[in-house]
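Take a look at the structure below.
Residue numbers (my numbering): 318 to 652.
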């Protein structure tokens, strides 16, 4: 705000700018990086009409009046305070002895961006050699490319959008040949695609590939589960009915007998004939039945099947026809 009277201009103070956001100066975070901190600090100081102190646009003239000098010193003190409170302690110790906020900012900026020519060459080489490989995350790949470009910009080594398009398409040429061919005709015609168009196309293609791979993995898991189920069924059907005495070995383990001490003990012995636990061969019903059948055959007594066959015979008729008997198809039961 200024007063003009009799040709004299007196500055009474800068117009108060509206404040937004936090009243505390922003904090530098190594994870966010220098660019994020610079943007937050610029917003904070511009609301207080003090950003010009740091970027060098607000400088004190050699013939400045006392009021102008006081205003500049107040803005300089505000900018110094914001820097000292916002940067890390290890960085604040390096710039705290500087009286000018502009000098403090330049020193801090050079420390964080490292504008050495050799560093810029190394970073540019890394950017040109950065290639997308199968299995990589597309978003992370593009973010890494943009981060290296931003670091080069801080080193006064700008990469244009046109060069960035060429670098990105060069990096994905082996994995996304279809996308490269899509933009090939435009490039040959002299129409370089926009950087945003290339980025959106690659992200869309990568998302489609991710969904396709997810569906394929689910299908493979389902197919493997079906194969395992069929194998289990085949194994079960192959062992079904074979050596059931082994499968039921522990079925009758609860039978008990008296031991030498007179206490009831669980029967663990197995029959030598039927291989079932719980009894011995001399007590096996199957063994005893088989012995009875052998004894009956030895004594000449027919078994039940032979007796049943003998009780049934064809009735033959002898009469006309030369006296030869002939079967008439009737059965007679012998008692």
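Glycine is no exception: its CB is placed at the ideal position from the N, C-alpha and C atoms.
Only a predicted model underlies this, so the values are computations on that prediction, with no experimental measurement involved.
Sixteen is the threshold: when 16 or more other Cβ atoms of the shown chains lie within 10 Å of the Cβ of residue 430, as they do, the residue is buried.
A distance of 7 Å or more separates the beta carbons of residue 342 and residue 418. Listed in chain order, the alpha helix (DSSP H) runs fully inside the region 423 to 453 are 434 to 446, counting runs of at least 4 residues.
Per DSSP, reduced to three states, the secondary structure at residue 587 is strand. The alpha-carbon separation between residue 465 and residue 456 amounts to approximately 14 Å. Judged by DSSP secondary structure, residue 468 falls within the alpha helix (DSSP H) whose first and last residues are 455 to 471. Judged by pairs of C-beta atoms under 8 Å, the region 409 to 417 does not touch the region 433 to 447, as fewer than three such pairs exist. By the C-beta density criterion, residue 612 is exposed, having fewer than 16 other C-beta atoms within 10 angstroms. Cβ-Cβ separation between residue 462 and residue 485: approximately 6 Å, consistent with a contact (criterion under 8 Å). Per DSSP, residue 602 is one residue of the alpha helix (DSSP H) stretching across 602 to 615. Of the residues 609, 610 and 588, the one whose Cα lies closest to the Cα of residue 600 is 588. The beta carbons of residue 386 and residue 377 sit about 6 Å from each other, so the pair counts as a contact at 8 Å.
For residue 515 and residue 379, the gap between their C-alpha atoms comes out near 52 Å. In terms of Cα proximity to residue 364, the closest of 384, 338 and 435 is 338. Secondary structure note for residue 487: its alpha helix (DSSP H) is the uninterrupted segment 478 to 488. Looking only at 426, 488 and 368, the smallest Cα-Cα distance to residue 459 is reached by 488. Nearest in C-alpha terms to residue 472, of all of 503, 480, 428 and 608, is 428.
For the 7 Å CB-CB criterion, residue 392 and residue 416 do not form a contact.
Our two residues, residue 597 and residue 552, have alpha carbons roughly 32 Å apart in a direct line.
Setting aside the 5 residues that flank it on each side, residue 344 is surrounded in the same chain by 403, each with a C-beta closer than 6 Å to its C-beta; the list follows chain order. Under the criterion of beta carbons closer than 8 Å, residue 512 and residue 482 qualify as touching, at roughly 5 Å. With respect to the C-alpha of residue 518, the residue from 390, 496, 615 and 526 having the closest C-alpha is 496.
About 16 Å separates the Cβ atoms of residue 422 and residue 353, ruling out a contact at the 8 Å cut-off. When the five nearest sequence neighbours on each side are left out, the beta carbons in the same chain lying within less than 6 Å of the beta carbon of residue 523 are those of 455, in order along the chain. Pairing residue 614 with residue 604, the inter-Cα distance amounts to about 16 Å.
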